[in-house]
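Q: Mind having a look at this structure? Questions to follow.
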Amino acid sequence: MTSTGIRLDAPAPGWAIDADVVVVGSGVAGLTAALRCTAAGLATVVVTKARLDDGSTRWAQGGIAAALGEGDTPEQHLDDTLVAGAGLCDEEAVRLLVTEGPDAVRRLIATGAHFDTDDSGAISLTREGGHHRRRIAHAGGDATGAEISRALVEAVRTRAVRTIENALVLDLLKDEDGRTAGITLHVMGEGQHDGVGAVRAPAVVLATGGMGQVFSATTNPSVSTGDGVALALRAGAEISDLEFVQFHPTVLFLGADSEGQQPLVSEAVRGEGAHLVDAAGTRFMLGQHELAELAPRDIVAKAITRQMQAQDAEHMYLDARHFGAAMWEQRFPTILAACRSHGIDPVTEPIPVAPAAHYASGGIRTDRHGRTTVPGLYACGEVACTGVHGANRLASNSLLEGLVFAENIAADIAAGASTPVRDKAVGPALPAGSHGEPVPLLDPAARIQIQRIMTEGAGVLRSADSLAEAAGRLEAIRADEHKAAVPGVEAWETTNLLLVSRVLVAAAAAREETRGCHWREDRPDRDDASWQRHLVVRITPERSLDIRPTASATFPPTVAATPLEP
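See the structure below:
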């Protein structure tokens with residue numbers, strides 16, 4: 014573990030509070046960690062960028078995967094996950110996920126989440142891409158994330174967990190020994206706290222979600238600007254597998270120039286029997302994979318992209334007219350409403366779809382307890398790289414990963430916690446390590462430039478040339494930092510986006526093969542001999558990127574980490 018001495022340019026904290034644990038993020042991972050830490054008697058503070066229920070979890074449509082059905086087993090779930098991960102999953106991490114997953118879902122139900130059931134009262138299960146069995150539990154038809162978020166938010170409020178909403182996390186605080194000592198944050202708008210402050214805690218859990226906003230079109234909400242990954246990099250933590258960005262194959266196509274968050278058309282629609290077709294109505298997934306439309310997402314996204322190229326088309330179609338109005342209204346009411354709001358009626362016409370950035374399979378490298386390479390810093394959910402997803406996340410494993418690894422984090426923190434904080438004096442004094450070299454902030458106008466560069470050079474299709482051009486254009490933006498912006502939310506977010514984009518492009522250029530959701534046109538084959546290993550990235554004090562491969566597909570330990578292969 015090294016310290017970079019780098020931080021965002023921000024005012025000194027004007028207020029501070031104390032806790033045993035600070036959880037950053039309010040999706041399924043963050044709120045689960047907070048509830049478990051609170052139950053263990055730890056003074057816990059939840060910091061979230063918008064409102065408690067505004068994270069990516071709320072947007073999850075399909076459901077949560079677990080071996081809950083008759084005849085299904087964790088071993089079968091493990092096999093499907095390993096296949097989707099294309100040789101880069103940590104098998105023991107996956108085994109942990111699939112064996113602990115069913116009970117974690119039951120505990121979620123006990124917390125108050127209500128899943129759809131059949132006439133017998135059993136949980137209704139559906140299929141999604143890459144799954145050989147029906148093992149996706151859903152709620153409200155296609156509103157699973159919203160129901161999970163509702164239940165967890167209600168539990169957090171019932172248990173009076175301390176929360177700070179509308180707060181952007183800035184940087185990690187460390188003590189004299191280099192251990193985690195809390196975070197700095199900026200509260201947007203008036204409230205109990207305002208402006209830049211600090212939460213002092215010996216354990217920090219990052220559950221900040223994804224980084225989909227590095228691309229022009231994404232299913233991620235506007236708050237998904239890679240803040241957790243950027244913070245971890247500045248703190249000296251290792252990042253891994255950031256080149257593996259999953260592009261969801263079926264996102265509602267709103268036009269070639271549409272930007273920002275796009276409506277998702279859940280894989281569960283294909284799980285219930287919808288077909289991918291071209292403008293002539295021809296199904297093109299038949300013969301490309303044994304599961305056809307339910308092949309793993311990278312395969313479907315590539316097939317749609319190839320078909321679009323071959324036909325010089327901007328999109329393909331998802332045809333579910335045979336569902337009928339009643340099924341659409343009962344099973345997929347959210348998607349039906351989204352389509353109709355954009356002038357498309359799936360009951361009577363095919364839905365125009367195209368791939369868009371959806372999920373980061375990589376992130377802050379952790380072990381099976383959620384520990385990063387910085388002592389006291391944990392990560393879970395989409396911001397983390399646990400080794401579960403490998404080169405491509407299996408559909409609906411993300412909510413389960415958030416549950417299982419958040420519970421493990423809480424157990425680890427509770428097992429190693431010192432005397433809990435009670436009524437410590439609150440004051441402005443901060444631990445050593447709260448100062449460092451400030452990073453010049455980018456003009457917020459650069460955000461759109463970054464997104465377009467990433468979409469053009471590091472999207473579904475990549476090559477050495479496209480990645481080199483993207484890297485050069487990103488470096489030109491970084492070199493223009495003498496036009497530094499004043500500290501503020503938009504400047505901080507844009508600066509984070511640039512750092513995360515640089516890492517993603519560098520890793521994608523270094524991985525000279527096609528694997529999972531990383532598709533290199535100039536390196537179309539999977540190369541296990543050279544590349545069945547992970548790329549680990551650190552940022553140096555000089556702000557350059559140190560990228561090294563691991564010795565094998567197995568991650569080195571995060572605590573007392575072994576040296577990486579030179």
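Residue numbering for the sequence shown follows our numbering, beginning at 14 and increasing consecutively.
We put the beta carbon where it would ideally sit given N, CA and C, even for glycine.
To the nearest whole angstrom, what separates the beta carbons of ARG172 and THR51, a pair I think is in contact under 8 Å?
A: Your numbering for residue 172 matches position 159 in the sequence shown. Your numbering for residue 51 matches position 38 in the sequence shown. Indeed they touch by this definition, with Cβ atoms about 6 Å apart.
Q: What are the boundary residues of the alpha helix (DSSP H) that LEU512 is part of?
A: Residue 512 sits at position 499 when you count from the first residue of the sequence shown. Taken as a continuous stretch (DSSP letters only), the alpha helix (DSSP H) holding LEU512 covers 502-523.
Q: Which two residues bound the contiguous beta strand (DSSP E) that contains GLN4?
A: The structure shown does not extend to residue 4, since the chain spans only 14 to 579, so no value can be given for it.
Q: Of the choices THR361, LEU416, GLY43, whose alpha-carbon is the least far from that of ASP116?
A: Position 103 of the sequence shown, counted from the first residue, corresponds to residue 116. Looking from the CA of ASP116, the closest CA among THR361, LEU416, GLY43 belongs to LEU416.
Q: Note down, in chain order, each residue of its chain lying with its Cβ closer than 6 Å to the Cβ of SER447, except the 5 sequence neighbours on either side.
A: Taking the first residue of the sequence shown as 1, we reach residue 447 at position 434. Because the pLDDT of SER447 is 48, which lies under 50, any placement of that residue in the model is unreliable, and the number read from its coordinates should be weighed accordingly. Cβ neighbours of SER447 beyond the five flanking positions: LEU186.
Q: For GLY376, write down the residues that DSSP places opposite it in a beta bridge.
A: In the sequence shown, counting from the first residue as 1, residue 376 sits at position 363. According to DSSP, GLY376 bridges with SER253.
Q: Restricting to Cα atoms, I'd like to know which of PRO562, GLY54, GLU555, THR86 is closest to LEU8.
A: Because the chain in this structure spans residues 14 to 579, residue 8 falls outside the shown range and cannot be described.
Q: Where DSSP assigns a beta bridge to LYS4, which residues make up the other side?
A: An answer regarding residue 4 cannot be provided, because it is not within the stretch 14 to 579 covered by the chain.
Q: Could you tell me if GLN259 is buried or exposed, where buried requires 16 or more neighbouring beta carbons within 10 angstroms of its beta carbon?
A: Taking the sequence shown and counting its residues from 1, one reaches residue 259 at position 246. With 16 or more other Cβ atoms from the protein chains shown falling within 10 Å of its own Cβ, GLN259 counts as buried.
Q: Taking the alpha-carbon of ARG120 as reference, which of GLY153, ILE161, ASP129, LEU138 has the nearest alpha-carbon?
A: Taking the sequence shown and counting its residues from 1, the one referred to as residue 120 is at position 107. Nearest of GLY153, ILE161, ASP129, LEU138 to ARG120, Cα basis: ILE161.
Q: Measure the Cβ-Cβ separation of ALA367 and VAL264 and say whether it is below 8 Å.
A: Walking along the sequence shown from the start, residue 367 turns up at place 354. Walking along the sequence shown from the start, residue 264 turns up at place 251. Taking 8 Å as the Cβ cut-off, ALA367 and VAL264 qualify as a contacting pair.
Q: Using a threshold of 8 Å, state whether the C-beta atoms of ALA424 and CYS530 are closer than that.
A: Against the sequence shown, residue 424 aligns to sequence position 411. Against the sequence shown, residue 530 aligns to sequence position 517. Pairing ALA424 with CYS530 gives a Cβ-Cβ distance that is not under 8 Å.
Q: Looking at C-alpha atoms only, which residue of GLY195, GLY225, TRP28 is the closest neighbour of HIS371?
A: For the purposes of this step, residue 371 is taken as the residue at position 358 of the sequence shown. Relative to the Cα of HIS371, the nearest Cα in the group GLY195, GLY225, TRP28 belongs to GLY225.
Q: Give the straight-line distance between the Cα atoms of PRO26 and VAL236, rounded to the nearest whole angstrom.
A: Counting from 1 along the sequence shown, the entry for residue 26 is found at position 13. Counting from 1 along the sequence shown, the entry for residue 236 is found at position 223. Distance between the alpha carbons of PRO26 and VAL236: 22 Å.
Q: Can you give me the Cβ contacts of PRO346 inside the same chain, cut-off strictly under 6 Å, excluding the 5 residues immediately before and after it?
A: The count along the sequence shown starts at 1 and reaches residue 346 at position 333. Excluding residues within five positions, the ones whose Cβ falls inside 6 Å are GLY154.
Q: Does DSSP put GLN545 in a helix, a strand or coil?
A: Numbered from its first residue, the sequence shown carries residue 545 at position 532. Coil.
Q: From ILE560 to LEU517, what does the alpha carbon distance come to, in whole angstroms?
A: By 1-based counting over the sequence shown, the position of residue 560 is 547. By 1-based counting over the sequence shown, the position of residue 517 is 504. Roughly 11 Å between the two C-alpha positions.
Q: For the alpha helix (DSSP H) containing ILE463, list its first residue and its last residue.
A: Reading the sequence shown from its first residue, position 450 is the one you call residue 463. Counting along the chain, the alpha helix (DSSP H) containing ILE463 begins and ends at 459-471.
Q: Compute the distance between the beta-carbons of ASP92 and ARG148, then report whether it is under 8 Å.
A: As a position in the sequence shown, residue 92 is number 79, starting the count at 1. As a position in the sequence shown, residue 148 is number 135, starting the count at 1. No, the pair does not count as a contact, with Cβ atoms beyond the cut-off.
Q: Below 6 Å CB to CB, which residues in the same chain sit around ALA78 once its five sequence neighbours on both sides are set aside?
A: Looking up residue 78 in the sequence shown gives position 65. Cβ within range, chain order: ARG148, ILE149, SER409, ASN410, LEU413.
Q: Consult DSSP for GLY170 and reduce its assignment to one of helix, strand or coil.
A: By 1-based counting over the sequence shown, the position of residue 170 is 157. Looking at the sequence shown, residue 170 is not Gly but Arg. When secondary structure is reduced to three states using DSSP, ARG170 falls in the helix class.
Q: Can you list the beta strand (DSSP E) stretches of 3 or more residues lying completely in the region 34-93, in chain order?
A: 34-37, 57-60
Q: Helix, strand or coil: how does DSSP classify ALA314 here?
A: What you label residue 314 is simply residue 301 of the sequence shown in a count that begins at 1. Looking at ALA314 - three-state DSSP - the assignment turns out to be helix.
Q: Let's see if you can read the secondary structure: which residues bound the alpha helix (DSSP H) around GLN116?
A: Looking up residue 116 in the sequence shown gives position 103. It is worth fixing the name first, because residue 116 is Asp in this sequence and not Gln. Segment 104-124, the alpha helix (DSSP H) holding ASP116.
Q: Is the beta carbon of ARG310 closer than 8 Å to that of GLY100?
A: Indexing the sequence shown from 1 puts residue 100 at position 87. Indexing the sequence shown from 1 puts residue 310 at position 297. No; because the gap between Cβ atoms is not below 8 Å, this pair is not in contact.
Q: Would you grab the beta carbon distance between ILE348 and GLN74 for me? Rounded to a whole angstrom, and I think it's under 8 Å.
A: For this step, residue 348 is matched to residue 335 along the sequence shown. For this step, residue 74 is matched to residue 61 along the sequence shown. The Cβ separation is near 7 Å, so the contact holds.
Q: Kindly indicate which residue of ALA308, ALA293, GLY294 has the alpha-carbon position closest to the one of GLY300.
A: Within the sequence shown, the letter at position 287 stands for residue 300. Selected option, being the one with the closest Cα: ALA308.
Q: Mark ALA23 as exposed unless 16 or more other C-beta atoms lie within 10 angstroms of its C-beta, in which case mark it buried.
A: Counted from its first residue, the sequence shown places residue 23 at position 10. Burial call: buried.
Q: Taking ARG20 as the reference, which of ARG539, ALA504, VAL290, LEU183 has the closest Cα?
A: Position 7 of the sequence shown, counted from the first residue, corresponds to residue 20. When each option's Cα is compared against that of ARG20, the closest is LEU183.
Q: Cβ atoms of GLU327 and ALA269: under 8 Å apart, would you say?
A: Against the sequence shown, residue 269 aligns to sequence position 256. Against the sequence shown, residue 327 aligns to sequence position 314. With respect to GLU327, ALA269 sits close: the two C-beta atoms are nearer than 8 Å.
Q: Could you check what DSSP says for GLN301 in three-state terms: helix, strand or coil?
A: Residue mapping note: residue 301 aligns to position 288 of the sequence shown, counting from 1. Here GLN301 sits in coil by DSSP.
Q: Looking at the structure shown, is THR347 part of a helix, part of a strand, or coil, going by DSSP?
A: Position 334 of the sequence shown holds residue 347. Helix.
Q: Does the Cβ of THR553 have 16 or more other Cβ atoms within 10 Å, making it buried, or fewer, making it exposed?
A: Position 540 of the sequence shown, counted from the first residue, corresponds to residue 553. Per the 10 Å Cβ criterion, exposed.
Q: Could you round the C-beta distance between ARG146 and GLN89 to whole angstroms and report it? I think they count as a contact, below 8 Å.
A: The residue you call residue 146 lines up with position 133 of the sequence shown. The residue you call residue 89 lines up with position 76 of the sequence shown. 6 Å between Cβ atoms; contact.
Q: In chain order, what residues of the same chain lie with their CB nearer than 7 Å to the CB of GLU395, ignoring the 5 residues before and after it?
A: Translated into positions along the sequence shown, residue 395 becomes position 382. Correct list, in chain order: SER69, GLY222, GLY223, TYR372, ALA373, GLY376, SER411.
Q: Taking the alpha carbon of HIS144 as the reference point, which residue from ALA63, GLU285, GLY43, GLY54 has its own alpha carbon closest?
A: Position 131 of the sequence shown, counted from the first residue, corresponds to residue 144. HIS144 has its Cα closest to that of GLU285, out of ALA63, GLU285, GLY43, GLY54.
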